[in-house]
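Undergrad: Just passing along the structure, written as structure tokens.
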Amino acid sequence: MLPERIRLLDVDVNGSRSGRLAHASTYTFDYHRDDPAQLSLSLLMPASILHFDGGGALFPVMDMNLPEGYLFQQIREFFPKQPITPMHLLALMGNNGIGRLGYRLPDAPIPQAVAVVNKADLLTSANGPALFQDLMHAYLSTGAGISGIQPKIMVPDRITVPVPVPTLIVKMAAERYPGLSANEFMCLSAAKAAGIQVAPFDLSEDGSLLVIERFDIAPDGSRLGFEDAASLMGQRVRDTLSDRKYHGSYERIVSALKLINLPDAELALFFEQVAFMVMVRNGDGHLKNYGVLYSNNDDLRLAPMFDVVSTSIYKYQRYDGGPELEDHTMALKLFAGSKGSKVYPSPAELLDFGRRVCGVSDPKAVVQRIAQGMTQTLDKSRSDHRISAHLRERVSSAWEQGLMLAKEIARGAH
């Protein structure tokens, strides 16, 4: 159990103490020393500035990883008498958020390594839902730093240094969205086949668990900095502000990426991710589903694509008890301004976004490469017993719209 009130937390960057987060009437953060070699907390909170005042809300780079959805509800159930403020959530998260930040009560020791799991055991499980519940009970306190609505937990399959952290993300299909793990497996497989960077992934034998390696851990075990688009825009998107992650446009994300001097080649990779989102009909590509990685402020790169599924095959409700709706729009507008729309773009609009906004010289070639990856994946899925015929048919139907878009681009003079 944690203290009833938490006013102070030490904040680590890659295992080394960086400064102290305080919460009274406002949130403040102070670097603990003036050291030119000290790693920055965030791209928007450089170590060259020693004091930051966040007002009444948590700093975006910290808000970014707070657990939400299924995992947040599990925390509430596991700690029924524990106050659950943002400070408590950070303390529970410890060093386990995506990125290189860690949190602990003042003067608390660095946590010890926990027992590792065997990745092969996860993938050969014949009862993924039962195994997932076991993992949730065993690793909730070491894997709380993962956001998103889908049931997921982080577990370790190896010991990392200097700070032990979970190394795998395990996702389970939500009851409300059957086949979601296999759906994401198909999308990631298509992206990989198209040459789009994704973290290593695999699907369990029974098709219920998707196991993904974290993309923010370097080969030497050190942590990379990670910030999503919401954090880069200074947005806090939890609780009553959760709708904010669906406000804005992909063009605005590009503007934010340019402000942090992301290289032009990486902007071209962002177009790949957006074009793929359009073609597989992923209507949940919001501000938290794109981000950047860095070890220093001069080696920025786009994070691999993550959290991508064909959402158009599912129905959803805007509120409990409301009518079931079909998802036929994007999470964000393609273009900024009054002319922007969440309607999936025409061939001309998608190519214009690639050329004019992202600086891609040949966006047609990108679209054709993605179409080839999608077609290859659909062909391979027919012999994959982990993917049901029903799910394959529904995904194939959703992807047909993207494949038609690619055919129009191949035929036209856009």
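Here the sequence shown is numbered in my numbering, starting from 5 and rising by one per residue.
Ideal placement from N, C-alpha and C gives every residue a C-beta, glycine not left out.
Please read these numbers as outputs of a predicted model, since none were measured by experiment.
Would you call S342 buried or exposed, if buried means 16 or more other Cβ atoms sit within 10 Å of its Cβ?
TA: Position 338 of the sequence shown, counting from 1, holds the residue named residue 342. S342 should be labelled exposed.
Undergrad: Distance check for E188 and A178, CA to CA, integer angstroms please.
TA: As a working mapping, residue 178 is identified with position 174 in the sequence shown. As a working mapping, residue 188 is identified with position 184 in the sequence shown. Their Cα atoms are separated by approximately 12 Å.
Undergrad: Tell me the residue span of the alpha helix (DSSP H) that contains D268.
TA: In the sequence shown, the residue the question calls residue 268 occupies position 264. That run of the alpha helix (DSSP H) goes D268 to M283.
Undergrad: Nearest-angstrom Cα distance between A41 and G106?
TA: Locating residue 41 in the sequence shown gives position 37, counting from the first residue. Locating residue 106 in the sequence shown gives position 102, counting from the first residue. C-alpha separation (whole angstroms): 18 Å.
Undergrad: Kindly confirm or deny that the stretch 378–389 and the stretch 286–302 touch, where touching means at least three C-beta pairs closer than 8 Å.
TA: no
Undergrad: CB Y31 to CB G23, shorter than 8 Å?
TA: Position 27 of the sequence shown holds residue 31. Position 19 of the sequence shown holds residue 23. Cβ distance not < 8 Å, so Y31 and G23 don't count as in contact.
Undergrad: List, from N- to C-terminal side, the alpha helix (DSSP H) runs of 4 residues or more that fit wholly inside the stretch 48–115.
TA: Listed in chain order, they are 64–67, 73–82 and 90–97.
Undergrad: Buried or exposed: N69, going by 16 or more other Cβ atoms within 10 Å of its Cβ?
TA: The sequence position of residue 69 within the sequence shown is 65, counting from 1. When all chains shown are included, N69 counts as buried.
Undergrad: Would you please state the rounded distance, in angstroms, between the beta carbons of V420 and N286? I believe it to be under 8 Å.
TA: Residue 420 lies beyond the stretch modelled for the chain, which goes from 5 to 418, so this question has no answer here.
Undergrad: Short check: CB of S193 to CB of G132, under 8 Å?
TA: Residue 193 sits at position 189 when you count from the first residue of the sequence shown. Residue 132 sits at position 128 when you count from the first residue of the sequence shown. Against a cut-off of 8 Å, the Cβ pair of G132 and S193 comes out as no contact.
Undergrad: Please report the straight-line C-alpha distance between E368 and P351, rounded to a whole angstrom.
TA: Walking along the sequence shown from the start, residue 368 turns up at place 364. Walking along the sequence shown from the start, residue 351 turns up at place 347. Note that residue 368 is Lys in the sequence shown here, rather than Glu. If you take the alpha carbons of K368 and P351, they lie about 9 Å apart.
Undergrad: Answer yes or no: do P308 and Q154 have a C-beta to C-beta separation smaller than 8 Å?
TA: Stepping through the sequence shown from its first residue, residue 308 is reached at position 304. Stepping through the sequence shown from its first residue, residue 154 is reached at position 150. Result no, Cβ atoms of P308 and Q154 do not sit closer than 8 Å.
Undergrad: Based on DSSP bridge pairs, tell me the residues matched to I163.
TA: Here residue 163 corresponds to residue number 159 of the sequence shown, with the count starting at 1. Per DSSP, none; premise fails for I163.
Undergrad: Write down the C-beta distance between A195 and F280 rounded to the nearest angstrom, noting that I regard them as a contact closer than 8 Å.
TA: The residue given as residue 195 occupies position 191 in the sequence shown. The residue given as residue 280 occupies position 276 in the sequence shown. Yes, they are in contact, since the Cβ atoms of A195 and F280 sit about 6 Å apart, within 8 Å.
Undergrad: At 3 residues or longer, what runs of the beta strand (DSSP E) sit wholly inside the stretch 119–202?
TA: 156–159 and 172–176
Undergrad: Nearest to D268 by alpha carbon, out of R415, C362 and I10?
TA: On the sequence shown, residue 268 is found 264 positions in, with the first residue counted as 1. Here the closest residue by C-alpha is C362.
Undergrad: Starting from L4 and walking both ways along the alpha helix (DSSP H), at which residues does that stretch end?
TA: One cannot answer for residue 4 here, as it falls past the ends of the chain, which runs 5 to 418.
Undergrad: For a quick check, are the C-beta atoms of L207 and R390 less than 8 Å apart?
TA: The residue labelled residue 207 in the question sits at position 203 within the sequence shown. The residue labelled residue 390 in the question sits at position 386 within the sequence shown. Contact flag set, yes.
Undergrad: For P113, tell me which candidate among R386, G19, G101 and I10 has the shortest Cα-Cα distance.
TA: One-based indexing of the sequence shown puts residue 113 at position 109. Cα-wise, what sits closest to P113 is G19.
Undergrad: For L271, which option in R242, L306, L263 and Y250 has the closest C-alpha, if you only look at C-alpha atoms?
TA: In the sequence shown, counting from the first residue as 1, residue 271 sits at position 267. When C-alpha distances from L271 are compared across R242, L306, L263 and Y250, the shortest belongs to L306.
Undergrad: Is it the case that the Cβ atoms of A340 and S253 are separated by a distance below 8 Å?
TA: Reading the sequence shown from its first residue, position 336 is the one you call residue 340. Reading the sequence shown from its first residue, position 249 is the one you call residue 253. In contact: A340 and S253 (Cβ atoms closer than 8 Å).
Undergrad: Quick one: measure Cβ to Cβ for I163 and L139, integer angstroms, because I've assumed they're closer than 8 Å.
TA: Here residue 163 refers to the residue found at position 159 when the sequence shown is read from its first residue. Here residue 139 refers to the residue found at position 135 when the sequence shown is read from its first residue. So it is not a contact: roughly 18 Å between Cβ atoms.
Undergrad: Cβ atoms of D161 and L172: under 8 Å apart, would you say?
TA: For the purposes of this step, residue 172 is taken as residue 168 along the sequence shown, with counting starting at 1. For the purposes of this step, residue 161 is taken as residue 157 along the sequence shown, with counting starting at 1. Yes.
Undergrad: Tell me, please, which residues DSSP counts as bridged to Y298.
TA: Start at 1 with the first residue of the sequence shown, and residue 298 comes out as number 294. Y298 pairs with G229.
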